Amino acid sequence: MTLSFPRHRMPLRSIRLSGLLLLVATLFAPGPAPAAETPIKTIGIISAVGDTLEVSDMGLTVFTDAHRSMDVSDWKLGHDIAGAFQDVLSRRYDARVVAEDAPMAEMEKPPSELAAAVRALLKPGETYDAYLLIVPATRPDTMGWTKQNLSGIGLYRRHKMIDSEPFIFTSCNVSLIDGRSLQILQDTWMDLPRDEGLAGVFTAVSKMGDYDFFAGVAEQAWPDPDQPFRPEQKMSVEASFQYLLKREAPFTLHKLGLAD
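What follows is the structure in structure tokens.
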């Protein structure tokens, strides 16, 4: 005699198989979707570019190269950089300057130590959704065949037989830091598209692809050897620096997704 199960019942083998499939599905089912990232509303700006202007005068040979670091603390480079980024960020966010002269050595620490360095800059109870950190950085083999690496903020000039005009450069790294974990979310170079055309100055030498990070400076603004800047020289260099900042800040923030 052949036994038959009622239609509303399942064979034991099918029950076991269904149970096994249910167990597997339970064990390997995807977890809940991660919560959306907290929208950024407030940003604290930290500038750690220092008070030194690197001045490099390249000759026809390495034996005629000259380099020196000039103290320009009265120029307030960090103030200008922090202000340029704040102006752009304020169009979208509540952006405030946390430090415009943060200690460079502290801000260049590895990620595992950077969190403590950032916290040390904050006032009691001061918090932000994110931080923007600007520090000097070296672009390897920046000048191509000259093998010259530029870092920080400075002036660069090559022999008149090669190029006719010096320029001011900003070789800096800009990082977006999470306000809660104080971990770096992303970073980028501080620069701008080459097609912006900084007066057509020195565009043939840079090996940074489609980006530039310099602006032309009048030859008369170049400081005399072992001498500080004369007032008119300082005014000229600062004007070029401001010209550069106003173009770099929007594009750099655009790359970080913080500006249009």
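Okay, so the sequence shown: first residue is 674 according to our numbering, each after it adds one. By construction, the Cβ of each residue, glycine as well, lies at the ideal position given by its N, Cα and C atoms. Just so you know, these numbers come straight off a predicted model, no measurement behind them.
- Taking every protein chain shown into account, the CB of T843 has 16 or more other CB atoms within 10 angstroms, so this residue is buried.
- Only residues of its own chain outside the window of five on either side were considered, and among them V771 have a CB closer than 7 angstroms to the CB of L795, listed in chain order.
- The continuous beta strand (DSSP E) containing L805 extends over residues 803-809.
- Distance from the CA atom of N846 to the CA atom of M908, rounded to whole angstroms, is 26 angstroms.
- Residue pairing by DSSP places N846 opposite V808, W862 in a beta bridge.
- In the three-state scheme derived from DSSP, where H, G and I count as helix and E and B as strand, G751 is classed as helix.
- M777 places its beta carbon 8 angstroms or farther from that of P797.
- Shortest Cα-Cα distance from G827 to any of K714, V728, T715, V722 involves V728.
- It is roughly 6 angstroms from the alpha-carbon of L918 to the alpha-carbon of A757.
- Secondary structure at T925: helix, using DSSP grouped into helix, strand and coil.
- Nearest neighbour of E838 by Cα position, chosen from V745, P784, R769, S913, turns out to be S913.
- The beta-bridge partner set that DSSP reports for S729 consists of H740, Y829.
- R812 is positioned such that its CB atom lies no closer than 8 angstroms to that of M731.
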